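Reminder that position 30 of the sequence shown reads as 969 in my numbering, one-by-one numbering, no gaps. Glycine residues also receive a C-beta, built at the ideal position from the N, C-alpha and C atoms. Being a predicted model, the structure only gives us computed values, none of them experimental. Report on one structure; see the data block that follows.
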Amino acid sequence: MSEAVSSTDLLNKMRVRNEVYSKEGEGEENENEDVFVSDPNSFELVKRLREFIMFECARFCMASTKELIEEFGSKLPQENSAKFRALLRSICDFDKPSGMWKLRQDYK
């Protein structure tokens, strides 16, 4: 059974999540960089995510959700899942027909 989250912690988590989503959805391509450049931990995660998708997945510059979960699922706390998704979306596009995350040209 998990511990109850204080209202302050919950509000802080919501604020961070909303910041990430609002920066992600601003529309300009360069705006996506703001999602992770301001936070050194996020920047390192994006670098690792990019390297994984480029060089360690079964297909060059493409990753399945399964591959991403296997690589990063146990390394990231549950409360960072929204941030991880926002970072992933900032460097990749999801192709529904193939079910693959494709690294954007700017990050190859």
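Residues near residue i by beta carbon distance below 8 Å, same chain, minus five either side
| i | result |
| --- | --- |
| residue 1038 | 1003, 1004 |
| residue 1047 | 993, 1000 |
| residue 998 | 1039 |
| residue 979 | none |
| residue 1010 | 991, 995 |
8 Å contact criterion, which residue i and residue j should meet: CB distance rounded
| i | j | result |
| --- | --- | --- |
| residue 1041 | residue 1000 | 7 Å |
| residue 1022 | residue 981 | 7 Å |
| residue 1043 | residue 1032 | 6 Å |
First through last residue of the alpha helix (DSSP H) which encompasses residue i
| i | result |
| --- | --- |
| residue 1021 | 1020-1030 |
| residue 1041 | Not the alpha helix (DSSP H): residue 1041 falls in the beta strand (DSSP E), residues 1039-1042. |
| residue 984 | 979-990 |
Run of the beta strand (DSSP E) containing residue i, from where it starts to where it stops
| i | result |
| --- | --- |
| residue 1003 | 1001-1003 |
Under 8 Å between C-beta atoms of residue i and residue j
| i | j | result |
| --- | --- | --- |
| residue 989 | residue 1030 | yes |
Residue environment, residue i, which counts as buried when at least 16 other CB atoms sit within 10 Å
| i | result |
| --- | --- |
| residue 969 | Residue placement at residue 969 is flagged as unreliable, the pLDDT there being 45, under the threshold of 50; the coordinate-derived value follows with that caveat. Under this definition residue 969 is an exposed residue. |
| residue 992 | buried |
heavy atom of the ligand FMN below 7 Å from residue i C-beta
| i | result |
| --- | --- |
| residue 1008 | Ligands in the displayed structure: none, and consequently the ligand FMN is not present. |
Sequence-distant residues of the same chain with beta carbon closer than 6 Å to residue i, five excluded per side
| i | result |
| --- | --- |
| residue 1006 | 996 |
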